[in-house]
């Protein structure tokens, strides 16, 4: 009769954001601000570890960054000029305080804090061999595998131990790591997830996106390169390339939806990229209409690009209520579509009696799209055409994005016409994969050596997801044991 | 050194929203949804009183509607087919649970629940005479005065007692009132604050705005008229006009900022009105530029109207972070403008090297405007022109809107050029009062008998604020006594 | 299957304790200590109102005094040299924060705080006529009736208004009342509940029992007399007798169980009284045995008196676990008597193979007694005799003691032999009513004009419980309305 | 000016209690009850791990057992017929949720839960070598060392791995350990801390004391022997003696204070032992007086034994307030001794004008004794003699008892007369070490091979405290890092 979470937001979700700073007297306060700017990359938990002399301080909690770090008392106890921070989204079962990062461990050489954006593809296999050796795990995160590999490494200085660990792990990772020897930043050989270097007066920063530099007034220096390890100490920034030169395959979905529009990612403005995608889409799949309406908020830049290119009016035909509204009880009977209306209401004045082009960034399960289309029709639209600023999402991601099982992805089960019928639109079009590549500055997709990771559209995985192939899933016992609240 | 709430949102604030429903088996769940849609009218507290047979049920709490009413347990205990609800914003000192509405009292004839949007202008004078008579107050709200007036009325049926009370109060009020004899909805003789009637199957609804009808799928029937009392019972809706025919002076600021853009208010689409205001503004104060940029989110419709009329490109030059960020610690030294960046980040790709027209809805203290302009300049704008979709705000409101003291209002101290200098723009223009009236469908302002309440722009108050004139302020002792948390 | 609160403590319960202090710089801290010493008189809620100049401060909460007032922050905000405090026990349905005392009201002459120990017998009748007049009640306590009577009194100074109210109320009351004009202490004409006056340096104190004077190092001055009103101001202590000379009928059960053993009540040491009751009991109902065992903790003094008089060994045959244990889940099957064992465990070493005399202070429902007897037998006692240091409890109390309905009282349904059979003892005896009077210093009970209130044993009520006789029960609506937690 | 915790209870404190059950459908509910009965052994935190099939369930929290396990929801989620539980006291700095036991780890062979009463004397040395090997610790407890030793053991079945770990650890331990292979109970070779075996229908139980068997109605079977390992499986109870025959040296202080009086410890009733100690004390150090008064509650049995032997009247001259009262603010000026009065009030009726013998169980720092003596004198005692039912406490304990540093122990700095002067008594006497041994059934202390651990009186440690001798203290970083609340 009653259901909670009636409204399915139907987006892929970025799972993490990281931040680090070295050499600023207000390191923890700045890290909190940086994490706030990265909040869209993880809303369920946040943590900061700071280092003051040889003492580490730590605060981790569930909730938004502001809930966790909005109090002066919390920031004050995080003493020191060096800090790393992390925001995290994860599926419900794993929302445990013990999984909140940065993870910390006391090793022979002293303390080490580690924050991870991405996902390892051989974590379970490594974990099993570590457990066999007598290692005791305290979390269910793949990140803890890296910690144990560092702990048991026979190499000498911290830097060598860390690189020793990197050589054993596969998959996607952008890491920030704080020890008594300095702050390290690392990206996997394909550079799948982003990581940038910034500078604020004499201090150095690492962040998932440039918007985290903007909020604290730091200057953007450069992207960390694919396969690069940077070591920040009092002597400055040093760079190491343990894997030699590698071929970058950055996640193209960061441009479509994950990154914030005001970030500059791998040299390209995300906002501009989205407008260009909209323009490509208009060129590829123009349809005559009275108004171009974005599905707010993420569809706005592409809709603007589409409208401009198509020379059609842009208007806000759907109003978004920014108060969350996820947990409301949904009355069951006559009142349909309450779920979608918790967040979106059609703006009849703009829609009624019009031919409407809806622009959205992606279709995952398709559940929300169907409801929005029906809502727009009820508000009096005479035609509804949908244009999507990504190719059809046909495959799961194993690199740090929360995706449904493949058979839940609408595009893995239906062709475009089938999807159009299900969603109930007069026409449906997705941008082509080459159109997408063009919008982000390439002449097209190089199918022999793709310039980006686009596995969710093509199934062409840059790293073989071995744990998944071998059916290795995460340890059940630790997650069963722990109280979700702790 | 550290400050909380570093970012001043610098808007007038609507203080309340009300909702009522009569004759639906899921009355409380629908009221919670209606209040969620009205959340923009009050974010600090929410309450619902339901009536089941002759038993009232009640839940009131501090926080957003979802926090207060997101749980099934809470809704389940609010039994019955009749309910009234309230959302509330108030200044900090008064955020007490005992002030959260709907207020409830047990009278000789049984229980009565009352929710109020607006503000009485003679509440303190009435309160003093009631206390002298031996009445004991349990809250500091002006609304409780109405409750006592009903309790001591010598008139017979509930309806007559309520009207007896209305005859003694002055000011702005849209009220919902639930007793064993039915659900009543009332607006003051000027109809300053909004109230609409809706229908959902066999049930009748009252709500501050139509967006609250939309969310539950109810049909909009009509506005409650100025000075009208409607009584909803099993026999249907009955209307009484205790003040005879009165002259409506609806709050024109509801069109500019308070109401949700997807609401239809007094027959006019708020979104359309805002676009027309933007178009009027473009006609009145065009300036050549490269891009029209809204201050998000409230400036968007007016900016679209402006850009279309001015034939200039519309673009999102400022990105809003919807994660709240009010309580963060603000580092003090080099890092400027962290406050405003908690919520807004300039989108350099759109602004750099451009002549920018910023469109915002109002300037209250001017503090935020100055920071936004500086931020936009730092992002590389070559010129910054500001256009405001309301006339200068020069006077305080005494009718249910939280406004600063008059001497804190920038426009009461400076002329337009003075404001432009302070804010740091190349040019500044406000819409004219007649332009505003035209945009909402009038030929212009009738200065002998203004069609709207526009006192915040003109000082022409529709009701004399007698408590304020007499220097009567609210009871200090009750608010001192009570623990803020309770 | 599972039950909470498995262990029924089966005692009558005192419902309140009061404390007041006038003229000490640490008034609130001392009041908190005084209330802690009175904790046995009310464990569910506590409150303090202080007065600093003309500002009242207030803190009230559910829980033990230490939970409510153990924090320095709370005490610091209760500024001023004058304070009144209250501890409260009540049945579950009424545990509302709004019922927690001292009640406070803002009247024409300023603020007034009132704390009440006792129970009015005509509160409901008064309440009805006050509601008819338009008075709005904010709690379900009988105490609020007194507040309204003071508010509407036509008499002049506060003192006269208060006495005017006293003349209209019937029943048991020991009151402390703080206003801008001073601290008042009052007892009803029969002086049913206790109230004492103390002195600490220049400050005056009022307290339910002398143990509250002891904890703060104050000197005991005298009992407030039956029907006396004392007014404490900067000028000292003044006494008024609005009812002239009245005949004292103090609650004799305070000696048996309610008061703390280290208190001196109406001139008599409670501990000594209990030992004398035990000795009387031994004289009246000696039985040969090997050991005299108290039911801890309240049975200890009477058992000592009994053992000494009977020349039998006294020993702790039942060990009490002072960790509460009320809410535990009780396994259902084989494991019997878990409930009683949560609190009591037989000390086999003392009991096994022995003839045991158990001494307890009263039998209310008899449920616990039966379980304790069975437990003692299982531990190996060869005979179990029970001796009770009160007469059979046959009638309900209407004067501030929580008693079951009359038909739940074991002694109202069975004679002594019937009770002995039900409880499972070899013999059972209660002290006689005359024996009890002798133990507290009287030659015996004067049946024409009893020296004490002993209605729970005799049905001879000192004041007719008119509300009860007229079937007037408390207002249901206000208590239904309010959330139990608030 | 203000101080919290003004009253120093001045007792040594037992640090832990353990419980385990195998083969009962209500295993978790019974474990919660068992822990409630053991609450006196640890009041700061409690935990239970249950095993249902091959799934472990867990709940651990800070607070009393009732706070942690009083809710049906918590018990219901602890499914399965096997469980182990733990109560814990610890010094403030270590009260972290991650230190709350039973500890759990997932090893190669599956899950393992471990609860520990006692203290290892070589834990820090072992920990250092484990960290060097790459082991990561998640708590600061010595118990986690045992977990890692089991994890890295090369031996085969769980039982052999556990025994392998036992061979490496020194000190005091009574352990309960639950794995998929069964429930194990173990005591160190000296059997310093207690552990008993019980039976409830078909189920087997392990508990620190017999009072935990009593509460669930289980039958006492026998003590686990010093150096014994019992393995409970579906096949029954099996016993292994990995250390061969060892010489028992049970902690004699369990008889004096730690154990509950209703427990039978190593074949002797604790209550009887305490009465016999009181009698010995009367024989050794009789003094003529009017009354023997126990310092409640722990002094009562010894005082009864003393009074009986000395043929003097026993009476309650000090009344204990069982409401805790630790955190109250203590007014500073005139009001002396508020601290001690929070818990104890002299019963003037019993003391005034009398020669009093106070009987207490021990003197640690002496702070409380001095205040009690002064309080008793102020209540009018003409002479105060103190008799202590233990020898002078001159040495720290390293075996699971919280003791002050040696130089804080009064008896390590003063002789008996010096102590008497400081405490302010007319005479002071402690029981002799031989008298103590006689009271617990020995002919006297065998100084060549003491029958008990009495190191706190003699400095004769049964195991050399090597960590302490080597100055090894616990890891500071992990405890610094963790939030005290988590």
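Residue numbers (the UniProt record's numbering), protein chains in the order written: chain B, 1 to 486; chain R, 1 to 486; chain S, 1 to 486; chain V, 1 to 486.
Backbone N, C-alpha and C define an ideal beta-carbon position, used for all residues, glycine too.
Is residue 419 of chain R helix, strand or coil by DSSP? Taking the first residue of the second chain as 1, we reach residue 419 of chain R at position 419. Helix at residue 419 of chain R.
At the level of alpha carbons, what is the spacing between residue 91 of chain V and residue 399 of chain V? The sequence position of residue 91 of chain V within the fourth chain is 91, counting from 1. The sequence position of residue 399 of chain V within the fourth chain is 399, counting from 1. Because residue 91 of chain V carries a pLDDT of 46, less than 50, the predicted location of this residue cannot be relied on, and the following value inherits that uncertainty. Taking the straight line joining both Cα atoms gives about 15 Å.
Cutoff 6 Å; reference residue 246 of chain R; Cβ partners in own chain excluding five residues on either side: Counting from 1 along the second chain, the entry for residue 246 of chain R is found at position 246. Within the same chain, residue 246 of chain R has close Cβ partners 189, 226 and 227.
How big is the Cα-Cα spacing for residue 240 of chain B and residue 181 of chain B? Here the question's residue 240 of chain B lines up with position 240 in the first chain. Here the question's residue 181 of chain B lines up with position 181 in the first chain. Residue 240 of chain B and residue 181 of chain B: Cα-Cα distance of roughly 15 Å.
Is there contact between the region 272-287 of chain B and the region 250-257 of chain B, where contact requires at least three CB pairs shorter than 8 Å? Yes: at least three Cβ pairs fall under 8 Å.
With a cut-off of 8 Å on the beta carbons, I'd call residue 65 of chain V and residue 178 of chain V a contact; round off their distance for me. For this step, residue 65 of chain V is matched to residue 65 along the fourth chain. For this step, residue 178 of chain V is matched to residue 178 along the fourth chain. That belief does not hold up - the Cβ atoms of residue 65 of chain V and residue 178 of chain V are roughly 18 Å apart, past 8 Å.
What are the start and end residues of each continuous alpha helix (DSSP H) run of 4 or more residues lying completely inside the region 93-166 of chain B, in chain order? Correct list: 123-132, 143-152 and 158-166.
Which value, in whole angstroms, describes the spacing of the CA atoms of residue 358 of chain S and residue 214 of chain V? Taking the first residue of the third chain as 1, we reach residue 358 of chain S at position 358. Taking the first residue of the fourth chain as 1, we reach residue 214 of chain V at position 214. When rounded, the separation of the alpha-carbon atoms in residue 358 of chain S and residue 214 of chain V is 20 Å.
Does the beta-carbon distance from residue 18 of chain S to residue 176 of chain S come in below 7 Å? Residue numbering aside, residue 18 of chain S sits at position 18 when the third chain is read from its first letter. Residue numbering aside, residue 176 of chain S sits at position 176 when the third chain is read from its first letter. It is a contact, given that the beta carbons lie within the stated cut-off.
Sub-7 Å separation of residue 211 of chain R and residue 453 of chain R beta-carbons: Position 211 of the second chain, counted from the first residue, corresponds to residue 211 of chain R. Position 453 of the second chain, counted from the first residue, corresponds to residue 453 of chain R. Taking 7 Å as the Cβ cut-off, residue 211 of chain R and residue 453 of chain R do not qualify as a contacting pair.
Residue 317 of chain V vs residue 363 of chain V beta-carbon contact at 7 Å: Translated into the one-based positions of the fourth chain, residue 317 of chain V becomes position 317. Translated into the one-based positions of the fourth chain, residue 363 of chain V becomes position 363. A distance of 7 Å or more separates the beta carbons of residue 317 of chain V and residue 363 of chain V.
Check residue 316 of chain S in the structure and name its three-state DSSP category. Here residue 316 of chain S corresponds to residue number 316 of the third chain, with the count starting at 1. Here residue 316 of chain S sits in coil by DSSP.
Whole-angstrom distance between residue 153 of chain B and residue 462 of chain B, CA atom to CA atom: What you label residue 462 of chain B is simply residue 462 of the first chain in a count that begins at 1. What you label residue 153 of chain B is simply residue 153 of the first chain in a count that begins at 1. Roughly 27 Å separates the two Cα atoms.
Can you look up residue 342 of chain R in the DSSP assignment and give me helix, strand or coil? Walking along the second chain from the start, residue 342 of chain R turns up at place 342. If DSSP states are grouped into helix, strand and coil, residue 342 of chain R belongs with coil.
Cα-Cα separation between residue 114 of chain S and residue 33 of chain S, rounded to whole angstroms: Residue numbering aside, residue 114 of chain S sits at position 114 when the third chain is read from its first letter. Residue numbering aside, residue 33 of chain S sits at position 33 when the third chain is read from its first letter. If you take the alpha carbons of residue 114 of chain S and residue 33 of chain S, they lie about 19 Å apart.
Excluding the five sequence neighbours on either side, which residues of its own chain have a C-beta within less than 6 Å of the C-beta of residue 74 of chain V, listed in chain order? Residue mapping note: residue 74 of chain V aligns to position 74 of the fourth chain, counting from 1. Only 59 meet the Cβ criterion.
At a Cβ threshold of 7 Å, is residue 292 of chain B touching chain R? Along the first chain, read from residue 1 onward, the residue named residue 292 of chain B stands at position 292. Output row for residue 292 of chain B: interface = no.
Distance cutoff 7 Å, beta carbons only. Does residue 20 of chain V sit that close to anything in chain B? Translated into positions along the fourth chain, residue 20 of chain V becomes position 20. Judged by the 7 Å Cβ criterion, residue 20 of chain V is not in contact with chain B.
Considering Cα atoms alone, identify which of B:174, B:109 and B:196 is closest to residue 161 of chain B. Numbered from 1 along the first chain, position 161 holds the residue referred to as residue 161 of chain B. For residue 161 of chain B, the nearest C-alpha among the options comes from B:109.
Near-chain S residues of the region 261-288 of chain V (beta-carbon distance less than 7 Å), N- to C-terminal order: Look at the region 261-288 of chain V: the residues with a C-beta under 7 Å from a C-beta of chain S are 261, 262, 269, 271 and 272.
Which ranges would you report for the beta strand (DSSP E) in the region 251-304 of chain R if only whole runs of at least 3 residues count? Listed in chain order, the beta strand (DSSP E) elements of length 3 or more contained wholly in the region 251-304 of chain R are 291-294.
Local conformation of residue 412 of chain R per DSSP, three classes: Residue 412 of chain R sits at position 412 when you count from the first residue of the second chain. Helix.
For residue 285 of chain S, I'd like the list of residues in its chain whose CB is within less than 7 Å of its CB, leaving aside the five on either flank, ordered along the chain. Reading the third chain from its first residue, position 285 is the one you call residue 285 of chain S. Once the five neighbours on either side are set aside, the close Cβ partners of residue 285 of chain S are 387 and 429.
Counting C-beta neighbours from all protein chains within 10 Å, is the total for residue 469 of chain V 16 or more, i.e. buried, or is it exposed? As a working mapping, residue 469 of chain V is identified with position 469 in the fourth chain. Exposed, because fewer than 16 other Cβ atoms sit within 10 Å of the Cβ of residue 469 of chain V.
Cutoff 7 Å; reference residue 471 of chain V; Cβ partners in own chain excluding five residues on either side: Taking the fourth chain and counting its residues from 1, one reaches residue 471 of chain V at position 471. Hits under 7 Å: none found.
Interface flag, residue 168 of chain V vs chain D, CB-CB below 7 Å: In the structure shown, chain D cannot be found, because the protein chains are B, R, S and V.
Taking the alpha-carbon positions, what's the residue 184 of chain B to residue 155 of chain V distance? Here residue 184 of chain B corresponds to residue number 184 of the first chain, with the count starting at 1. Here residue 155 of chain V corresponds to residue number 155 of the fourth chain, with the count starting at 1. Each residue's alpha carbon lies about 40 Å from the other.
Excluding the 5 residues flanking residue 458 of chain V on each side, which residues of the same chain have their C-beta closer than 6 Å to its C-beta? On the fourth chain, position 458 is the one that residue 458 of chain V refers to. Non-local C-beta neighbours of residue 458 of chain V in its own chain, meaning closer than 6 Å and more than five positions away in sequence, are absent.
Please list, in chain order, the chain V residues whose beta carbon lies closer than 8 Å to that of residue 316 of chain S. The residue labelled residue 316 of chain S in the question sits at position 316 within the third chain. For a Cβ distance threshold of 8 Å, residue set 261, 271, 300, 301 and 304 of chain V lies close to residue 316 of chain S, ordered along the chain.
Over the uninterrupted alpha helix (DSSP H) stretch that includes residue 311 of chain R, give me the two end residues. Position 311 of the second chain, counting from 1, holds the residue named residue 311 of chain R. Looking at the DSSP string, residue 311 of chain R is not in any alpha helix (DSSP H), and its letter there is neither H nor E.
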